[in-house]
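Residue numbers (the numbering used here), protein chains in the order written: chain A, 98 to 323; chain B, 5 to 113. Built from N, CA and C at the ideal position, the CB exists for glycine as well. Predicted model, so just to flag it, every value in this text is computed and none were measured.
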């Protein structure tokens, strides 16, 4: 999963947009963004946040500065441990070519001590999208952990695991009818990149604002889970 | 056993639902995953959890548990307390961790 291979694999699978969303971390997004320069692939810097309730949510941004500002907020409320590389394997930072820069011993596991709704508001304040991830999973999925979709939660969409169709999800769970549902590969290995996807029909160059308009169905924009 | 007696014996703090403490408690259920509580908890039970999200009130109300017992003195936001008060859900808090709280209860039963 080094940056040039991620970009190549995404392009080979016909993707136009990907997001780099490490767990409670943003550290390797810059390298993938740089590796994609000139390739036509838009790489969003982001994070898979685990919030206080132990619910995972995708936080997606336009710029590295926004993503890093969000990471700083998350680090401030992270669990006070160090990463144990002997037990859990080393965490590397790499450059755009995939070469080793440094080993990172920050602890990115576990929940950041920020409540779900506060996290959504903070991501929105930075201009990002907030999308609870794999919501049907018993662990770390919003519906598994919190049982019901919280009426007061301001989320831009909800992500389903690859094997769950939006129509099936709406039958199985009581979700707000206006809540957009997307699916993504959650790729942890190169081969999984692009195994499922969501099509965002846009009317302008890709940006967080355009994605938000597509999620809201503005104009001819829409999202389609093929 | 009557809920009010349990509150006294276990030294629980009543955060909401003071008016509904004279009900019979039928047993207990422990989980922090609310989907498990929806599937497994029974009406009249005490539900022990560290989860303090607003949704605990909806789930407690849906299942009809006698009370929610937040353990380990976990911080509970005003939204959760106000919602519980509004829906007549009894919200209690123990200063001790779940294991010790439940062990104390077991000695009473």
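Exposure label - residue i; buried when at least 16 CB within 10 Å
{"i": "residue 260 of chain A", "result": "exposed"}
{"i": "residue 13 of chain B", "result": "exposed"}
{"i": "residue 141 of chain A", "result": "buried"}
{"i": "residue 262 of chain A", "result": "exposed"}
{"i": "residue 103 of chain B", "result": "exposed"}
{"i": "residue 229 of chain A", "result": "buried"}
{"i": "residue 251 of chain A", "result": "exposed"}
{"i": "residue 100 of chain A", "result": "buried"}
{"i": "residue 231 of chain A", "result": "buried"}
{"i": "residue 153 of chain A", "result": "buried"}
{"i": "residue 21 of chain B", "result": "buried"}
{"i": "residue 77 of chain B", "result": "exposed"}
{"i": "residue 57 of chain B", "result": "buried"}
{"i": "residue 247 of chain A", "result": "buried"}
{"i": "residue 109 of chain B", "result": "buried"}
{"i": "residue 134 of chain A", "result": "exposed"}
Contacts that residue i makes with chain A (C-beta to C-beta distance below 7 Å)
{"i": "residue 55 of chain B", "result": "150"}
{"i": "residue 38 of chain B", "result": "242, 243 and 244"}
{"i": "residue 93 of chain B", "result": "Those do not exist, as residue 93 of chain B stays about 14 Å from chain A at its closest Cβ, beyond 7 Å."}
Within chain A, partners of residue i - CB distance below 9 Å
{"i": "residue 29 of chain B", "result": "Under the 9 Å cutoff, chain A gives no residues; its nearest Cβ is about 22 Å from residue 29 of chain B."}
{"i": "residue 41 of chain B", "result": "244"}
Residue closest to residue i, alpha-carbon to alpha-carbon, out of the options
{"i": "residue 31 of chain B", "options": "B:51, B:88 and B:19", "result": "B:51"}
{"i": "residue 122 of chain A", "options": "A:107, A:208, A:139 and A:135", "result": "A:208"}
{"i": "residue 19 of chain B", "options": "B:83, B:111, B:110 and B:101", "result": "B:83"}
{"i": "residue 48 of chain B", "options": "B:27, B:79, B:36 and B:108", "result": "B:27"}
{"i": "residue 275 of chain A", "options": "A:312, A:223 and A:109", "result": "A:312"}
{"i": "residue 137 of chain A", "options": "A:144, A:165, A:128 and A:302", "result": "A:302"}
{"i": "residue 124 of chain A", "options": "A:283, A:202, A:215 and A:182", "result": "A:202"}
{"i": "residue 234 of chain A", "options": "A:217, A:266 and A:205", "result": "A:266"}
{"i": "residue 304 of chain A", "options": "A:219, A:194 and A:226", "result": "A:226"}
{"i": "residue 46 of chain B", "options": "B:97, B:79 and B:34", "result": "B:34"}
{"i": "residue 75 of chain B", "options": "B:97, B:17 and B:38", "result": "B:97"}
{"i": "residue 23 of chain B", "options": "B:36, B:29, B:37 and B:7", "result": "B:7"}
{"i": "residue 296 of chain A", "options": "A:322, A:236 and A:290", "result": "A:322"}
Segment limits, beta strand (DSSP E) that includes residue i
{"i": "residue 236 of chain A", "result": "That residue, residue 236 of chain A, is in no beta strand (DSSP E); it is neither H nor E in DSSP."}
{"i": "residue 257 of chain A", "result": "255 to 257"}
Contact list for residue i against chain B, beta-carbon separation under 7 Å
{"i": "residue 147 of chain A", "result": "Near residue 147 of chain A there are no residues of chain B at all, since even the closest Cβ is about 14 Å away, more than 7 Å."}
{"i": "residue 208 of chain A", "result": "None at all; the shortest Cβ gap to chain B is about 11 Å."}
Per-residue contacts from residue i into chain A (C-beta, under 8 Å)
{"i": "residue 62 of chain B", "result": "244 and 245"}
Cross-chain neighbours of residue i in chain B, by beta carbon under 9 Å
{"i": "residue 213 of chain A", "result": "57"}
{"i": "residue 235 of chain A", "result": "37, 39 and 40"}
{"i": "residue 91 of chain A", "result": "No answer is possible for residue 91 of chain A: it lies beyond the span of chain A, which begins at 98 and ends at 323."}
Element boundaries [alpha helix (DSSP H), containing residue i]
{"i": "residue 267 of chain A", "result": "263 to 269"}
{"i": "residue 167 of chain A", "result": "161 to 173"}
{"i": "residue 129 of chain A", "result": "126 to 132"}
{"i": "residue 100 of chain A", "result": "100 to 109"}
{"i": "residue 53 of chain B", "result": "It is not in any alpha helix (DSSP H) - residue 53 of chain B instead sits in the beta strand (DSSP E) that spans 49 to 53."}
Is it the case that the region 277 to 284 of chain A contacts the region 84 to 95 of chain B, given that we only count it when at least three CB pairs across the two stretches are under 8 Å? no
Check whether the region 165 to 185 of chain A and the region 233 to 249 of chain A touch, using three or more Cβ-Cβ pairs below 8 Å as the test. no
Taking three-plus beta-carbon pairs below 8 Å as touching, is the region 109 to 117 of chain A in contact with the region 185 to 205 of chain A? no
Report yes or no: do three or more beta-carbon pairs, one from the region 183 to 191 of chain A and one from the region 69 to 85 of chain B, lie closer than 8 Å? no
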